[in-house]
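First to last, the sequence lines map onto chains H and P. Under numbering that gives the first Met the number 0, the first sequence has 279 at position 280, and the numbering climbs by one with no breaks. Under numbering that gives the first Met the number 0, the second sequence has 113 at position 114, and the numbering climbs by one with no breaks. Cβ coordinates follow ideal geometry from the N, Cα and C atoms, glycine included. Everything on this sheet refers to the single structure shown next.
There are 2 protein chains.
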Amino acid sequence: MTIKDYLEDKRLAVDRFLDEVAPAAVTPPATLHESMRYSLLAGGKRIRPILAIAAAEAVGGEAPGLMAVACSLELIHTYSLIHDDLPAMDNDDYRRGKPTNHKVYGEAIAILTGDALLTMAFDWISRPDLMKGCDPARQIRLIQELAYGAGNRGMVGGQVLDIQAENRDIDLPALQTIHKHKTGMLIRAAVRMGAIAAGATERQLDDLTGYAEDIGLAFQIADDVLNVIGTREELGKNPNTDAERGKKTYPAFYGVDGARQLADECVARAVRRLSSFGPTADPLREIARYITARKH
Amino acid sequence: MTIKDYLEDKRLAVDRFLDEVAPAAVTPPATLHESMRYSLLAGGKRIRPILAIAAAEAVGGEAPGLMAVACSLELIHTYSLIHDDLPAMDNDDYRRGKPTNHKVYGEAIAILTGDALLTMAFDWISRPDLMKGCDPARQIRLIQELAYGAGNRGMVGGQVLDIQAENRDIDLPALQTIHKHKTGMLIRAAVRMGAIAAGATERQLDDLTGYAEDIGLAFQIADDVLNVIGTREELGKNPNTDAERGKKTYPAFYGVDGARQLADECVARAVRRLSSFGPTADPLREIARYITARKH
């Protein structure tokens with residue numbers, strides 16, 4: 000199976016799970032559920048859930064509740080996009096080629112939709128039916144990881160730093176701190192949660208954490224590069240918005256070619272972190288390489 | 000101990016816990032943590048955590064992690080106030096007598112502060128240090144209750160219904176559905192979580208759930224009445240804002256006197272629900288009576 004087939008296969012499984020488990024659009028409060036589904040089923044790459052699944056496969060153990068664990072990460076990611084797109088934040092009109100949530104449902108519903116998706120992430124990873132067979136102590140650990148990666152010391156903390164850095168002259172270490180938190184911590188949580196769900200040893204967890212940190216950085220650099228060189232069609236949103244907003248990016252420090260090279264180095268380092276794993280970690284290896292090759 | 004002393008005593012314990020466990024304002028990202036503390040330590044009544052503590056006392060069993068459980072509810076409540084006050088929602092400038100979060104930190108930080116507090120609630124009730132001694136299976140159940148009460152089928156669902164009802168002619172059942180979710184479900188979660196933390200039997204949990212539903216309604220009716228008759232000093236915010244916004248309230252359906260009578264009936268029913276409990280449930284009984292007597 001090629002990595003493209005693997006990603007497509009897992010993406011469809013994630014989409015199917017999200018579609019089945021998210022509340023139906025006719026269930027009251029219907030507007031809220033419709034809005035949640037609008038953003039959740041808007042066709043993302045599902046990279047975080049796929050990383051969780053691939054990490055569990057790399058470890059190889061039974062992982063009861065893995066789909067709920069994986070998809071809880073997509074709920075968090077989706078809520079963060081909805082809030083990020085709000086007029087008070089990035090004020091984006093398009094996302095994944097469609098009007099942003101607040102353009103369709105209004106700002107108030109968009110804020111609440113984000114809140115509901117965030118809360119639902121913790122609902123799903125604590126639901127007895129979805130997590131059947133998962134040891135409660137392991138489940139608590141998964142919840143800890145999600146809260147840590149998504150919260151003040153993780154993603155939200157990074158978003159605050161990102162806002163504060165707009166139109167200010169920040170240096171490279173400050174940029175790295177922003178990205179380590181804003182994108183890196185949830186990717187780290189995804190890989191770790193998949194590994195923990197499958198009963199990883201501490202050694203395995205350490206290696207996979209290193210892998211996650213490296214690809215998180217590669218992912219962000221690649222995103223920054225795409226923002227400069229991508230077209231509206233490829234990105235599903237307007238290109239070059241970072242520069243227009245005065246956001247500091249990796250290409251701004253290194254140039255496009257330098258940034259690309261840096262991303263390649265991160266990918267190589269990530270793959271080396273998996274040296275103790277056999278072929279079960281091949282999807283993780285391929286995903287790392289795919290990050291810098293993608294067009295959107 | 001009078002109920003006033005009891006409430007004051009527990010309120011101080013909650014304030015102390017929140018102050019100690021919430022990240023210090025100097026810890027990076029400092030602005031986020033400062034903003035979280037600004038709203039969290041703004042001197043609320045702490046009624047939800049106190050209800051959780053009083054429910055645990057009524058049951059009487061050991062309740063490891065009770066303060067974290069109780070305070071997770073205040074984190075949820077505080078985040079909901081911050082998001083509710085935003086210009087896109089209620090657009091309130093004052094809360095608890097102080098400028099609202101977004102008036103001080105701006106809208107973007109206010110949104111993220113709410114997101115961080117919401118996430119931190121799930122962090123606290125899954126943290127090994129704060130929940131030490133709590134059985135993991137029980138802990139999962141507590142997390143389920145919190146997610147259910149706070150999310151799309153609970154508080155956030157009610158907020159969506161509330162927004163949709165503004166300036167529309169809704170009937171009494173619709174108003175009841177709004178309040179049952181918007182305020183009721185988190186109060187219900189508070190009482191149930193306290194009871195579960197203390198190892199309540201199913202029978203005890205049923206009785207306490209009934210109590211919680213009754214006082215939740217009484218609380219909302221009393222709030223509506225206060226919004227009409229309270230002064231700015233008593234409320235810490237502008238009075239009569241509901242009518243100005245075209246919000247339907249209990250006094251609008253029943254008149255102020257009729258609404259007060261209805262609240263009293265709810266309180267009496269709530270107290271009757273506790274008939275199988277002995278004196279350990281006295282604080283719960285007194286809290287029910289206090290709801291309709293308070294001035295803010």
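- Cβ of residue 118 (chain H) less than 8 angstroms from any chain P Cβ? yes
- Message: In whole angstroms, give me the CA-to-CA distance for residue 102 (chain P) and residue 133 (chain P).
- Response: 40 angstroms
- Query: Looking at chain H, which residues of the stretch 87-98 of chain P have a Cβ within less than 7 angstroms of any of its Cβ atoms?
  - Reply: Per Cβ criterion, the list reads 87 and 88.
- Query: Can you tell me whether DSSP reads residue 98 (chain H) as helix, strand or coil?
  - Reply: strand
- Item | Length of the line joining the Cα atoms of residue 51 (chain H) and residue 13 (chain H) | 11 angstroms
- Query: With a cut-off of 8 angstroms, does the C-beta of residue 22 (chain H) fall near any C-beta of chain P?
  - Reply: yes
- Item | chain P within 8 angstroms of residue 85 (chain H), Cβ atoms only | yes
- Limits of the unbroken alpha helix (DSSP H) element including residue 309 (chain P): Residue 309 (chain P) lies beyond the stretch modelled for chain P, which goes from 0 to 295, so this question has no answer here.
- Query: With distances taken from CA atoms, which of P:197, P:213 and P:23 is nearest residue 266 (chain P)?
  - Reply: P:213
- Task: Please state if the CB of residue 195 (chain P) and the CB of residue 137 (chain P) are separated by a distance shorter than 8 angstroms.
- Result: Remark: C-beta atoms of residue 137 (chain P) and residue 195 (chain P) approach each other more closely than 8 angstroms.
- What residue does the alpha helix (DSSP H) around residue 250 (chain H) start on, and which one ends it? 249-271 is the span of the alpha helix (DSSP H), which, as asked, contains residue 250 (chain H).
- Query: From H:285, H:250, H:159 and H:0, pick the residue whose C-alpha is nearest to that of residue 270 (chain H); which is it?
  - Reply: It is H:285 whose Cα lies nearest to the Cα of residue 270 (chain H).
- Query: From residue 155 (chain P) to residue 115 (chain H), what does the alpha carbon distance come to, in whole angstroms?
  - Reply: When rounded, the distance between both Cα atoms is 6 angstroms.
- Report yes or no: is there a C-beta of chain H within less than 8 angstroms of the C-beta of residue 172 (chain P)? no
- Through-space distance from residue 119 (chain H) to residue 56 (chain P), alpha-carbon basis: Going by the C-alpha atoms only, they are around 30 angstroms apart.
- Message: Less than 8 angstroms between the C-beta atoms of residue 39 (chain P) and residue 77 (chain P), yes or no?
- Response: yes
- Limits of the alpha helix (DSSP H) - the one that residue 47 (chain H) falls within: 46-58
- Task: Name, going along the chain, the residues of the stretch 28-44 of chain H whose beta-carbon falls closer than 8 angstroms to a beta-carbon of chain P.
- Result: 28, 30, 31, 32 and 35
- Item | Proximity test, Cβ basis, 8 angstroms: residue 213 (chain H) and chain P | no
- Query: So which of P:42, P:145 and P:219 has the shortest CA-CA distance to residue 263 (chain P)?
  - Reply: P:219
- Message: Since residue 187 (chain P) and residue 148 (chain P) should fall inside the 8 angstroms C-beta cutoff, what is the C-beta to C-beta distance between them, to a whole number of angstroms?
- Response: 6 angstroms
- Can you pull the DSSP bridge partners for residue 93 (chain P)? P:98
- Query: Residues in its own chain within less than 7 angstroms of residue 21 (chain H) by CB, not counting five upstream and five downstream?
  - Reply: 35, 36 and 39
- Query: Alpha carbon to alpha carbon, what distance is there between residue 122 (chain P) and residue 117 (chain H)?
  - Reply: 13 angstroms
- Query: Less than 8 angstroms separating the beta-carbons of residue 125 (chain P) and residue 139 (chain H)?
  - Reply: yes
- Query: From the beta carbon of residue 296 (chain P), is the nearest beta carbon of chain H less than 8 angstroms away?
  - Reply: Nothing can be reported for residue 296 (chain P): it is not among the residues displayed for chain P, which extend from 0 to 295.
- Identity of the residue in P:164, P:290, P:275 and P:11 nearest residue 261 (chain P) by Cα: P:290
- Status (buried if at least 16 other CB within 10 Å, exposed otherwise) for residue 172 (chain P): exposed
- Message: Output needed for residue 17 (chain H): all residues of its chain with C-beta closer than 6 angstroms, excluding positions within five of it in sequence on either side, in chain order.
- Response: 39 and 70
- Message: Taking a contact to mean a Cβ-Cβ separation below 8 angstroms, would you say residue 215 (chain H) touches residue 183 (chain H) in this structure?
- Response: The answer is yes: Cβ separation under 8 angstroms.
- Is residue 59 (chain H) near residue 208 (chain H), with beta carbons less than 8 angstroms apart? No, these two residues do not count as a Cβ contact at 8 angstroms.
- Query: So residue 45 (chain H) and residue 189 (chain H) are in contact, right, with Cβ under 8 angstroms, and what is the actual spacing, rounded?
  - Reply: Wrong, their Cβ atoms sit about 10 angstroms apart, outside the cutoff.
- Given that residue 149 (chain P) touches chain H, what residues does it touch there, using C-beta distances under 7 angstroms? 118
- Roughly how far, in whole angstroms, is the beta-carbon of residue 9 (chain H) from the beta-carbon of residue 63 (chain H), given that I think they are within contact range, below 8 angstroms? Not really, about 18 angstroms apart at Cβ, beyond 8 angstroms.
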